[in-house]
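Notes follow once the structure below has been shown.
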Amino acid sequence: MSAAANGEPLLQAKDASIEFGGLKALQRFNLEIRQGDLQGLIGPNGAGKTTAFNVLTGVYEPTSGDVFVCGQRVNGKKPHRINRLGLARTFQNIRLFRALTALDNVRVACLSESRPVFSAERLAALRREGGAWAWMANGLDAWNNYYDWWRALLLAPGFLREEEELTRRAEQLLEVMGLSHRRDEEARNLPYGEQRRLEIARALGTRPRVLLLDEPAAGMNTREKADLMVLIRRLREQFSLGILVIEHDMKLVMGICEQITVLDHGETIAVGTPEKVRADRKVIEAYLGDSYLETHPEAAQEAAR
Amino acid sequence: MVESAAPAATPALLPAWARGVTPVVIALGALAFAQWSSGGSPFFVYIASVVGVNCILAVSLNIVNGMTGQFSIGHAGFMAVGAYTAGKISLAFADTAVAGVPVVASDQLFLLISLLAGGTGAALFGFLVGLPSLRLRGDYLAIVTLGFGEIIRVIVQNTPALGAALGLSGIPQTSTLFMVWFWVFVTVLVARRIAHSSHGRSLWAIREDEVAAEAMGVDTTAYKVRSFVISSFFAGVAGGLFAHFIPIINPNSFGFVKSMEVVVMVVAGGLGSTTGAIVAAVALTLLPEGLRTAFNAFSSDPALAQKADQIRMPIYGLLLVVLMLARPQGLFGTREVWDVLPRWLPRRRKGVA
Numbered sequence: 007m008s009a010a011a012n013g014e015p016l017l018q019a020k021d022a023s024i025e026f027g028g029l030k031a032l033q034r035f036n037l038e039i040r041q042g043d044l045q046g047l048i049g050p051n052g053a054g055k056t057t058a059f060n061v062l063t064g065v066y067e068p069t070s071g072d073v074f075v076c077g078q079r080v081n082g083k084k085p086h087r088i089n090r091l092g093l094a095r096t097f098q099n100i101r102l103f104r105a106l107t108a109l110d111n112v113r114v115a116c117l118s119e120s121r122p123v124f125s126a127e128r129l130a131a132l133r134r135e136g137g138a139w140a141w142m143a144n145g146l147d148a149w150n151n152y153y154d155w156w157r158a159l160l161l162a163p164g165f166l167r168e169e170e171e172l173t174r175r176a177e178q179l180l181e182v183m184g185l186s187h188r189r190d191e192e193a194r195n196l197p198y199g200e201q202r203r204l205e206i207a208r209a210l211g212t213r214p215r216v217l218l219l220d221e222p223a224a225g226m227n228t229r230e231k232a233d234l235m236v237l238i239r240r241l242r243e244q245f246s247l248g249i250l251v252i253e254h255d256m257k258l259v260m261g262i263c264e265q266i267t268v269l270d271h272g273e274t275i276a277v278g279t280p281e282k283v284r285a286d287r288k289v290i291e292a293y294l295g296d297s298y299l300e301t302h303p304e305a306a307q308e309a310a311r
Numbered sequence: 537m538v539e540s541a542a543p544a545a546t547p548a549l550l551p552a553w554a555r556g557v558t559p560v561v562i563a564l565g566a567l568a569f570a571q572w573s574s575g576g577s578p579f580f581v582y583i584a585s586v587v588g589v590n591c592i593l594a595v596s597l598n599i600v601n602g603m604t605g606q607f608s609i610g611h612a613g614f615m616a617v618g619a620y621t622a623g624k625i626s627l628a629f630a631d632t633a634v635a636g637v638p639v640v641a642s643d644q645l646f647l648l649i650s651l652l653a654g655g656t657g658a659a660l661f662g663f664l665v666g667l668p669s670l671r672l673r674g675d676y677l678a679i680v681t682l683g684f685g686e687i688i689r690v691i692v693q694n695t696p697a698l699g700a701a702l703g704l705s706g707i708p709q710t711s712t713l714f715m716v717w718f719w720v721f722v723t724v725l726v727a728r729r730i731a732h733s734s735h736g737r738s739l740w741a742i743r744e745d746e747v748a749a750e751a752m753g754v755d756t757t758a759y760k761v762r763s764f765v766i767s768s769f770f771a772g773v774a775g776g777l778f779a780h781f782i783p784i785i786n787p788n789s790f791g792f793v794k795s796m797e798v799v800v801m802v803v804a805g806g807l808g809s810t811t812g813a814i815v816a817a818v819a820l821t822l823l824p825e826g827l828r829t830a831f832n833a834f835s836s837d838p839a840l841a842q843k844a845d846q847i848r849m850p851i852y853g854l855l856l857v858v859l860m861l862a863r864p865q866g867l868f869g870t871r872e873v874w875d876v877l878p879r880w881l882p883r884r885r886k887g888v889a
């Protein structure tokens, strides 16, 4: 049991539901991730796992229920805002910037490291005041941006320094993910496993506090999967993350996750430790069909325990 | 790694504060020299100006269509806004001059002011058109920009104050090679510096995968609008320049055909390649003239020359078809000239930008 009680939840879903014209893709989904957590999200194909990710990251707005990132309610916020609050993700079907080099893929994610005229904290404070102050914060933010463009166009010394820092940080991330040798290679030319790792490096570039990994092991061989397990654990320590993994590979999920949520048809059918989930009757039914339990009494017996 | 030195960390010839302005100073000097030494035939000046304007249009459209991956086909509309704004301002100040400086300097100053006004007007329109439409994805922007271009044309055509269909004449013809190519230089410099900044990388990211870019913290809508505004600004400046060396500007100069001409330049040069846009703009502007000359040389019979003049447009089209079949990604793809040309040129680091 690693640190479960590490303060406030960084990512929290409270009864989040989403419907697509009558289809209940996700129903009353609950989740809490704190720093140091390593949780899994599993379920048969079409169970709503990726939908859950999309709701958490703001691609979809939940039709009811709430999502909180670092204590802030993020319903209806745009994905880039939510990302800036500390939530980063990878994609099931790899979505790298294919024509960009590995380095540039990571550098895109590192983008807002600039030191603006009005600091992010001050703007956040203004936004909390609400009303006219929030409007003013938006105006100041626009000014920040304007200023930043001019610095880039005029090659201001501070801008060049920042670019260098940014490049260094991106290089470090590539190194962490073992991709230094691919620095100047276009993302589309990388082998599959390296593309997956590059996506993680890119996600880390945004300085997340919670990392969502959507089937990180898909298409990997046994050896790569084993490496990935080690890697995910290491990332959690090194970057003080909370991690949520969607994965079909049971060995991987059961091997690294401390808590697992099981979805089926958008409903949460089980939550708990790997041992508990593995023996859950509903889970076995969802994965193998109810007839399985009848024909395999030993599994039914275990499920009953 | 050995080669991990960032491009910015190459041995600095200049102190940091000077790196931003040095190219501008050098360019100003070179352009002044070119202006002074050319003098040249009016025809040469005219052609060089047209080429320059097309370069500005192509390079600026490339920021939206190439870097950001949005498909805008109404560039001539923004050009028109710039042309008429700048033209009207110059007309209003036609009889005014700054006291105490040579007439040429005074003319250029007023030209610069009207160009900036034209560019700003176009940028404003870019913002107004872009803000609602860039939230949409894919082809919708093409339709909106197409509509915008036509609306501008029709409005001008029916506004007596803008000369309606007859066009606006009497604009002081104060454009110089210096001014045109100074703006070409500025456009290219801005495009290149955007491409080499985090802003540029965000634009590339949007082109590659909008969903992923958004998930990585890129404010995609804002970035698209910004690239659109910058692009419109330079289109407006190009229009303003155009108005100052073409005796009469009329709405048909800024129709759909002009927009497509610019799109063709960008696509032919390679979406995302600034140098490609320049090469294509120069080539596709000179090609009709070159063909005319070639046909004229073929026969001195004026009737045949006229026939040749008719046939050169189909040839122009045919060349484009061949180019697209042979290199669908355009001349340089997303790369720049120095990434593509053989090794005798010092090779830059691989990749886009």
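Residue numbers (my numbering), protein chains in the order written: chain Y, 7 to 311; chain D, 537 to 889.
Even for Gly, the Cβ is constructed at its ideal location relative to N, Cα and C.
Here the structure is a predicted model, which means the values were calculated and not measured.
Sub-7 Å separation of residue i and residue j beta-carbons
{"i": "Val-793(D)", "j": "Gly-866(D)", "result": "no"}
{"i": "Pro-15(Y)", "j": "Arg-34(Y)", "result": "no"}
{"i": "Arg-215(Y)", "j": "Arg-104(Y)", "result": "no"}
{"i": "Ala-162(Y)", "j": "Val-73(Y)", "result": "no"}
{"i": "Arg-737(D)", "j": "Ser-809(D)", "result": "no"}
{"i": "Leu-17(Y)", "j": "Thr-267(Y)", "result": "no"}
{"i": "Leu-166(Y)", "j": "Val-726(D)", "result": "no"}
{"i": "Glu-192(Y)", "j": "Thr-107(Y)", "result": "yes"}
{"i": "Leu-185(Y)", "j": "Ala-223(Y)", "result": "no"}
{"i": "Lys-83(Y)", "j": "Ile-252(Y)", "result": "no"}
{"i": "Leu-677(D)", "j": "Phe-607(D)", "result": "yes"}
{"i": "Val-724(D)", "j": "Val-557(D)", "result": "no"}
{"i": "Phe-663(D)", "j": "Val-754(D)", "result": "no"}
{"i": "Ala-22(Y)", "j": "Pro-68(Y)", "result": "yes"}
{"i": "Leu-32(Y)", "j": "Ala-58(Y)", "result": "yes"}
{"i": "Asn-590(D)", "j": "Thr-756(D)", "result": "no"}
{"i": "Gly-610(D)", "j": "Phe-684(D)", "result": "yes"}
{"i": "Gly-49(Y)", "j": "Ile-88(Y)", "result": "no"}
Chain-order list of residues whose beta-carbon lies under 8 Å from that of residue i (same chain, five-residue window excluded)
{"i": "Val-538(D)", "result": "A caution first: Val-538(D) carries a pLDDT of 36, below 50, which makes its placement in the model unreliable, though a value can still be read off. Same-chain partners within the cutoff: there are none."}
{"i": "Leu-564(D)", "result": "Phe-718"}
{"i": "Gly-77(Y)", "result": "Glu-14"}
Cβ neighbours of residue i in the same chain (closer than 7 Å, five flanking residues each side left out)
{"i": "Gly-657(D)", "result": "Val-617, Gly-618, Thr-621 and Gly-772"}
{"i": "Gly-588(D)", "result": "Val-716, Trp-717 and Val-720"}
{"i": "Gly-623(D)", "result": "Leu-704, Ile-707, Ala-779 and Ile-785"}
{"i": "Ala-568(D)", "result": "Phe-714"}
{"i": "Met-260(Y)", "result": "Pro-280 and Arg-284"}
{"i": "Val-639(D)", "result": "Ala-633"}
{"i": "Leu-698(D)", "result": "Tyr-620, Val-692 and Leu-704"}
{"i": "Ile-811(D)", "result": "Position check: residue 811(D) holds Thr in this sequence, whereas Ile was assumed. Excluding residues within five positions, the ones whose Cβ falls inside 7 Å are Phe-868, Glu-872 and Val-873."}
{"i": "Lys-288(Y)", "result": "Ile-275 and Ala-276"}
Proximal residues to residue i (C-beta, below 6 Å), its chain only, five neighbours per side dropped
{"i": "Ala-176(Y)", "result": "Leu-109, Val-112, Arg-113 and Cys-116"}
{"i": "Ala-701(D)", "result": "Gln-693"}
{"i": "Asp-43(Y)", "result": "Gly-248"}
{"i": "Trp-139(Y)", "result": "Leu-132"}
{"i": "Ile-24(Y)", "result": "Ala-31, Leu-32, Val-61, Tyr-66, Pro-68 and Thr-69"}
Per-residue contacts from residue i into chain D (C-beta, under 9 Å)
{"i": "Val-236(Y)", "result": "Those do not exist, as Val-236(Y) stays about 24 Å from chain D at its closest Cβ, beyond 9 Å."}
Interface partners of residue i on chain Y, CB under 9 Å
{"i": "Val-747(D)", "result": "Val-65, Pro-85, Phe-97 and Arg-101"}
Chain Y residues whose Cβ lies nearer than 8 Å to that of residue i
{"i": "Ile-649(D)", "result": "Within chain Y, no residue comes near Ile-649(D); the closest Cβ sits about 20 Å away, beyond 8 Å."}
Partner residues on chain Y for residue i, Cβ-Cβ distance less than 7 Å
{"i": "Trp-553(D)", "result": "Pro-163"}
{"i": "Val-726(D)", "result": "Leu-159"}
{"i": "Gly-932(D)", "result": "The requested residue 932(D) does not occur in the structure, where chain D is confined to residues 537 to 889."}
Interface residues of chain D facing residue i [CB-CB closer than 7 Å]
{"i": "Thr-56(Y)", "result": "Going along chain D, no residue has its Cβ under 7 Å from Thr-56(Y), so there is no contact; the nearest lies around 12 Å."}
{"i": "Arg-202(Y)", "result": "Simply none; closest approach about 14 Å."}
{"i": "Arg-208(Y)", "result": "Met-752"}
{"i": "Trp-155(Y)", "result": "His-735"}
{"i": "Asp-220(Y)", "result": "Residues of chain D passing the Cβ test: none, with the nearest at roughly 11 Å."}
query: Taking a cut of 9 Å between CB atoms, which residues from the segment 752-778 of chain D lie near chain Y?
result: Met-752, Gly-753, Val-754, Asp-755, Thr-756, Thr-757, Ala-758, Arg-762 and Ile-766
task: Count the C-beta pairs between the segment 638-650 of chain D and the segment 801-817 of chain D that are closer than 8 Å, then say yes if the count reaches three, no if not.
output: no
query: Which residues, in chain order, does the segment 282-298 of chain Y contribute to contact with chain D at a C-beta distance below 9 Å?
result: none
query: Taking one C-beta from the segment 269-280 of chain Y and one from the segment 234-246 of chain Y each time, how about it: are there three or more such pairs within less than 8 Å?
result: no
- prompt: Are there three or more Cβ pairs, one per stretch, closer than 8 Å when the segment 743-762 of chain D is compared with the segment 580-598 of chain D?
  reply: no
message: Does the segment 145-156 of chain Y come into contact with the segment 200-213 of chain Y, if we say contact requires no fewer than three beta-carbon pairs (one atom in each stretch) closer than 8 Å?
response: no
field: Where the segment 728-741 of chain D meets chain Y: residues whose CB sits under 9 Å from a CB there
entry: Arg-729, Ile-730, His-732, Ser-733, Ser-734, His-735, Gly-736, Arg-737, Ser-738, Trp-740 and Ala-741
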